[in-house]
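Throughout the sequence shown, residue numbering follows the UniProt record's numbering, covering 1 to 533 in sequence.
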Amino acid sequence: MKIWQKVQTHTHKSAIYISLIILCIDLIFIAINYYTSHKALENSLLHRAQIHQQEFNLTLDMTYRDMLQLSTFISTNDELNQLFLAGKKAVEKEGMYSDSVSALRKALLDKVKIPWDLTSEKFDVRQLHYQLGPGSLSYLRVHEPNRFGDRMDNTRYTIVDTNADQQERSGFETGRVYSGLRGVSPVWTQDPDTNQRTYVGAVEVGTSFNQILPVFARSFDVESAVFLTKEHVGETMWQSYVGSYFKETSDVDYYTEASSSETSRDILNQTPIKKNFITYETEIIKENDRYLSSFHFPLFDYKGTNDATLPPVGFVLIWEDVTDMIEAFKHSFLINIAFSLVAFILIECFLLWILGRERKLSIAEQEALVDGLTGLYNRRYYDAMITKEEEQARHNQTSLSVIICDIDYFKRFNDAYGHPEGDTALKQVASAIRHTIHGTTGMACRYGGEEFVIILPNTDLRFAVALANRIQAAVHARHIPHKASPVETRLTLSLGVACSINLDNKDSLIVAADAQLYAAKDKGRNRTEPDLG
Ligand SMILES: Nc1nc2c(ncn2[C@@H]2O[C@H](COP(=O)(O)OP(=O)(O)OP(=O)(O)O)[C@@H](O)[C@H]2O)c(=O)[nH]1
């Protein structure tokens, strides 16, 4: 393989390795970039979800405040309170279902009905309930006047607690008829019989999630739904109300208590809900060509809020359209890939330019040391190498040999066959030398016109002479006709051989070999003459 071909192969390999490394770095960059921007998107969605949870809690707090304002207002109407007290006394005397209790209940209902209907219509409230203590004994459901007299001591803890400590309170609780956000106020009035301030019972105003979810959606531009466990609903509500209120089939785990959008069930089905609901991961859901981010958190009722050992009664699901965010993420990722690709192409071009330049320089450097006609090393290379090898041989105490060979009667060859044929003969001799020394330490150089030198590091005289004879034989074997030679009818060589071991330190190896070459010429040519010291 010629020297420049070796250089080219080496350059190609380097270019491929470097390109692969750059490609790997590029791909790693793209992967890291994707990972970090995806993480940033996830964090941003989680942060938004947590803010929506705070907004939801704020909406609840405002609702409780509104409910308490109304219940407080009603609980301070003494005309109503006197009718409630009269009813309470009648119940204590005659029981819940006597005629006089019915008459007093109707009187209270008549008084409160019209203002209540107006209030409930205008202010998104749906329940007004008078209850007697201790515990929770329904006296009048203004929103459901025919249902009364039932006890809810193990269900309606807001009422039970207010009737126990006569303090107002609020909270989310599921009752017999519905699940509500409730404000409960104690009712006090002057007893006309004793002239004493007397505690009568609790008055409760409530609304449902159906009323507040649309407000939440409007105010904060998010959709939401509240789901209750079947277990919780089954334990508290009257069965007839469960059947009429919840439309879902029996294969679902949760009832949809309220929803700001029809799609809530679809969203829920794509959101893995953990059993304890305490998971704060966001889910990206594809709805047609839009992206939604959903998030859910547990919902505790009044009792569960005050007792950490109790499980949640359901959960709140919040979702919002994040198509713009996802599209922006995708867009920036594509731009990143495009930038990485452009950067890769530019680096590749630069690399190929550098490698091409280096290759040219390298070939030029190599060519400067090679003889153009024969492909052997030239005189310049010889001069550099012989000095180096002589020093090395001296330093390492090893033997260095040289063979110098000269074509016999080459002037006559040129004259007989012409200069171009002379060039061809030189190439053939060079080729014979190259093949013969292949596998040895020898370096063949074109020393001058038709003279060649072979430098043989670590080679003694015996081996060098043998090699010289093989070169001579190789040229013979090529049968290059030389009709003008007085020695033979084919081209022959005269060779001089010298080895550093046989020389005094100051003598030059090439001078010694050259002397032997002249000796060979003198002795009739076509022979090898070694320097025996
Ligand atoms: N064709 C060709 N001839 C060359 C080249 N370089 C040197 N020569 C010829 O080689 C010949 C060398 O001739 P001489 O030095 O007289 O030696 P010789 O004719 O070989 O005689 P002996 O060495 O005494 O046998 C000259 O005629 C040069 O012109 C070359 O590159 N190509």
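All C-beta atoms, glycine included, are put in the ideal place defined by N, C-alpha and C.
Given residue i, which residues of its chain have a CB within under 6 Å of its CB, disregarding the five upstream and five downstream residues?
i	result
Glu287	none
Thr263	none
Gln166	Pro186, Tyr199
Ala258	Phe209, Asn210, Leu213, Val226
Ile471	Ile433, Thr436
Thr236	Thr155, Thr174
His129	Arg141, Glu204
residue 537	Because the chain here runs from 1 to 533, residue 537 falls outside it and cannot be looked at.
Kindly give me the distance between the Cβ atoms of residue i and residue j, rounded to whole angstroms, as I take these residues to be in contact under 8 Å.
i	j	result
Ala430	Arg412	Actually they are not in contact, since the Cβ atoms of Ala430 and Arg412 sit about 20 Å apart, beyond 8 Å.
Met67	Gly183	3 Å
Ser71	Glu204	6 Å
Phe220	Glu55	5 Å
Thr441	Asn469	About 18 Å separates the two Cβ atoms, so there is no contact after all.
Glu389	Ile454	12 Å between Cβ atoms; not a contact.
Val177	Tyr241	5 Å
Val222	His52	5 Å
Residues in its own chain within less than 7 Å of residue i by CB, not counting five upstream and five downstream?
i	result
Ile337	Ile30
Ala512	Ala498, Leu503, Asp531
Asp423	Leu373
Gln516	Gly496, Val497, Ala498, Glu529, Pro530, Asp531
Glu450	Asp406, Ile407, Phe410, Leu426
Thr489	Pro481, His482, Lys483
Quick one, are the C-beta atoms of residue i and residue j less than 8 Å apart?
i	j	result
Cys405	Leu495	yes
Phe227	Gly314	yes
Leu509	Ala498	yes
Gly133	Leu108	no
Arg290	Asp324	no
Gly135	Asp153	yes
Tyr409	His482	yes
Ala49	Thr282	yes
Ala202	Ile159	yes
Ala15	Leu352	yes
Val487	Asn526	yes
Ser260	Ser224	yes
Val215	Thr76	no
Measuring only the C-alpha atoms, how far is residue i from residue j?
i	j	result
Phe123	Arg65	13 Å
Gly524	Lys360	47 Å
Asp99	Val112	20 Å
Ile363	Leu373	16 Å
Met1	Gln397	Its pLDDT being 42, under 50, Met1 is placed unreliably by the model, and nothing is read from it.
Asn146	Val316	33 Å
Asn212	Tyr97	It is Ile, not Asn, that sits at residue 212 in the sequence shown. Approximately 36 Å between the Cα atoms of the pair.
Ile18	Ser340	16 Å
Ile403	Leu467	9 Å
Arg156	Ile285	38 Å
Thr528	Phe452	14 Å
Glu144	Gln131	13 Å
Gln127	Trp116	9 Å
Arg105	Leu140	7 Å
Gly418	Val370	25 Å
Ile22	Gly375	38 Å
Ala384	Glu391	11 Å
Ile25	Arg357	24 Å
Ala368	Pro420	23 Å
Lys521	Lys13	49 Å
Gln270	Leu20	42 Å
Leu493	Arg394	30 Å
residue 538	Glu231	Nothing about residue 538 can be reported from this structure: the residues present for the chain run from 1 to 533 only.
Asn43	Asp266	24 Å
Val101	Gln69	28 Å
Ile326	Ile32	18 Å
Gly304	Pro312	7 Å
Phe344	Tyr34	17 Å
For residue i, collect the residues of the same chain with a Cβ closer than 8 Å to its Cβ; drop the 5 residues on either side in sequence, then sort them by chain order.
i	result
Thr198	Leu85, Trp188, Thr189, Gln190, Asp191
Asp415	Ala484
Leu461	Ser399, Ser401, Val497, Ala498, Cys499, Ile501, Asn502, Pro530, Asp531, Leu532
Gly234	Val242
Gly95	Val101
Worksheet item: So, do the segment 425-442 and the segment 472-481 have three or more beta carbon pairs nearer to each other than 8 Å?
Response: yes
Fill in: Touching by the beta-carbon criterion (3+ pairs, under 8 Å), the segment 71-86 and the segment 322-337
no
Discussion item. Can you confirm whether the segment 366-380 touches the segment 26-44 when touching is taken to mean that 3 or more C-beta pairs between the two stretches lie within less than 8 Å?
Written reply: no
Discussion item. Would the segment 162-176 count as touching the segment 291-307 if we require 3 or more Cβ pairs under 8 Å?
Written reply: yes
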